[in-house]
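Engineer:
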Amino acid sequence: MEISTLVYCAIALAAGCFVQSTVGFGMAIVAAPVVFFFEPRFVPGTITLVGLVLALINMWQYRSQISFRGLGAAFIGRVPGTIAAGGLLLYITAESLALVLGAGVLLAVVISLLKVRIKPTPKALFWAGFASGLMGTSTSIGGPPMALVLQHAEASKLRANLAGYFAFSCILSLVALSATGHFSWWHFKYGMMVMPAPILASLFAYRIQHLIKAEWLRYALLVLCSVSGVIAIWQGMAPKFV
-5 MEISTLVYCA
5 IALAAGCFVQ
15 STVGFGMAIV
25 AAPVVFFFEP
35 RFVPGTITLV
45 GLVLALINMW
55 QYRSQISFRG
65 LGAAFIGRVP
75 GTIAAGGLLL
85 YITAESLALV
95 LGAGVLLAVV
105 ISLLKVRIKP
115 TPKALFWAGF
125 ASGLMGTSTS
135 IGGPPMALVL
145 QHAEASKLRA
155 NLAGYFAFSC
165 ILSLVALSAT
175 GHFSWWHFKY
185 GMMVMPAPIL
195 ASLFAYRIQH
205 LIKAEWLRYA
215 LLVLCSVSGV
225 IAIWQGMAPK
235 FV
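Now the structure itself:
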């Protein structure tokens, strides 16, 4: 592989990790399109590996703010959500499911802008985990449901609990990718080569996170959720135009 390809991918991943470390999620939304352009084999295996390392770093940075009770409910919801998505995909197309879920995310964003608060209770987090499993399995973007439920939390709690959830999700994904041959030593090796840039970006974001106002963080989160919804809808509609 050319050095320039690794450099471009490392820069894209660093930008994505900076966004996720400040907002709480969004690494894949920012980095995946660029990484896929330069090296399609990095998607999803290598990106998921970077996501796991990033989530573990963020968990450690905000470890005092993690709510294991709430995360436990989200973890429990994630598993049946993933299974349900797999079952639904036996009867409907991934594109149709992506359309529905993308529209659902955009609706949730609109409701959020109307000042409707969703309290991050264990029940709400369970269903957010369930919806994340559905969306992550069908579109590879599982962050918005959890982010929308946690959007009114303190910035450090938001980052901590999203990081904890993503660590769990990335581990599940890497196990599944390994079992299906989509994550191998090759992905791990090149993942380690580009890893310094994402790590440095995450550490830099941690140093400046105190400069970001809570309201800015919430609106940035809603923008990323909107982008996720649009991407999901595009994934659902794209085959019709091919």
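When the letters of the sequence shown are read in order and numbered with the numbering used here, they come out as residues -5 to 236. Positions of the beta carbon are idealized from the N, C-alpha and C atoms, including for glycine.
Thinking C-beta only, is Ser163 closer than 9 Å to Ser126?
Structural biologist: Contact flag set, yes.
Engineer: Distance, Cα to Cα, Ile112 vs Met187?
Structural biologist: Rounded to the nearest angstrom, the two C-alpha atoms are 41 Å apart.
Engineer: With a 10 Å radius around its C-beta and 16 neighbouring C-beta atoms as the bar for buried, classify Ile202 as buried or exposed.
Structural biologist: With fewer than 16 other Cβ atoms within 10 Å, it is exposed.
Engineer: Who are the near neighbours of Gly64 in its chain, counting only those whose CB is closer than 7 Å to its CB and skipping five residues on each side?
Structural biologist: Excluding positions up to five away in sequence, the list reads Pro114, Pro116, Leu119 and Asn155.
Engineer: Per DSSP, what kind of secondary structure is Ile227 in: helix, strand or coil?
Structural biologist: Reduced to three states, the DSSP call for Ile227 is helix.
Engineer: Output the residue ranges of the alpha helix (DSSP H) runs that lie fully inside the stretch 56 to 123 and measure 4 residues or longer, sorted by chain position.
Structural biologist: Segments of the alpha helix (DSSP H) lying fully in the stretch 56 to 123: 62 to 82 and 88 to 107.
Engineer: Helix, strand or coil for Met(-5), going by three-state DSSP, please let me know.
Structural biologist: Met(-5) falls in the coil class under three-state DSSP.
Engineer: Taking 9 Å as the CB-CB limit, is Ile202 close to chain C?
Structural biologist: Chain labels in this structure do not include chain C; a single protein chain is all it has.
Engineer: Does the Cβ of Lys151 have 16 or more other Cβ atoms within 10 Å, making it buried, or fewer, making it exposed?
Structural biologist: The residue is buried, with at least 16 neighbouring Cβ atoms inside 10 Å.
Engineer: Please classify Pro38 as buried or exposed, where buried requires at least 16 neighbouring CB atoms within 10 angstroms.
Structural biologist: Burial call: buried.
Engineer: Could you spell out where the alpha helix (DSSP H) holding Pro38 opens and where it closes?
Structural biologist: Counting along the chain, Pro38 falls outside any alpha helix (DSSP H), and DSSP gives it neither H nor E.
Engineer: Given Leu194, which residues of its chain have a CB within under 8 Å of its CB, disregarding the five upstream and five downstream residues?
Structural biologist: Closer than 8 Å at the Cβ level, and outside the excluded window around Leu194, lie Ala8.
Engineer: Would the stretch 13 to 20 and the stretch 206 to 226 be scored as touching if the rule is three or more Cβ pairs under 8 Å?
Structural biologist: With a cut-off of 8 Å, the stretch 206 to 226 and the stretch 13 to 20 count as touching, because enough Cβ pairs lie within range.
Engineer: For Leu46, which option in Glu209, Leu166, Val217 and Lys183 has the closest C-alpha, if you only look at C-alpha atoms?
Structural biologist: Answer by Cα proximity: Leu166.
Engineer: Pair every Cβ in the stretch 139 to 149 with every Cβ in the stretch 171 to 184, then say whether three or more of these pairs are closer than 8 Å.
Structural biologist: No, the stretch 139 to 149 is not in contact with the stretch 171 to 184.
Engineer: Check whether the Cβ atoms of Leu168 and Leu128 lie closer than 9 Å to each other.
Structural biologist: No, Cβ-Cβ distance for Leu168 and Leu128 is not below 9 Å.
Engineer: Take the Cβ of Pro190 as the centre, count every other Cβ of all protein chains shown within 10 Å, and call the residue buried at 16 or more, exposed below.
Structural biologist: Result: exposed.
Engineer: Pick helix, strand or coil for Ala25, following the three-state DSSP scheme.
Structural biologist: Three-state result, Ala25: helix.
Engineer: If we ignore side chains and look at the alpha-carbon of each, how far apart do Phe198 and Thr16 end up?
Structural biologist: Whole-angstrom Cα-Cα distance: 10 Å.
Engineer: Give the DSSP-derived three-state secondary structure of Glu148 in the structure shown.
Structural biologist: Of the three classes helix, strand and coil, the one that applies to Glu148 here is coil, per DSSP.
Engineer: Alpha helix (DSSP H) containing Ser196: first to last residue?
Structural biologist: Counting along the chain, the alpha helix (DSSP H) containing Ser196 begins and ends at Pro190 to Ile202.
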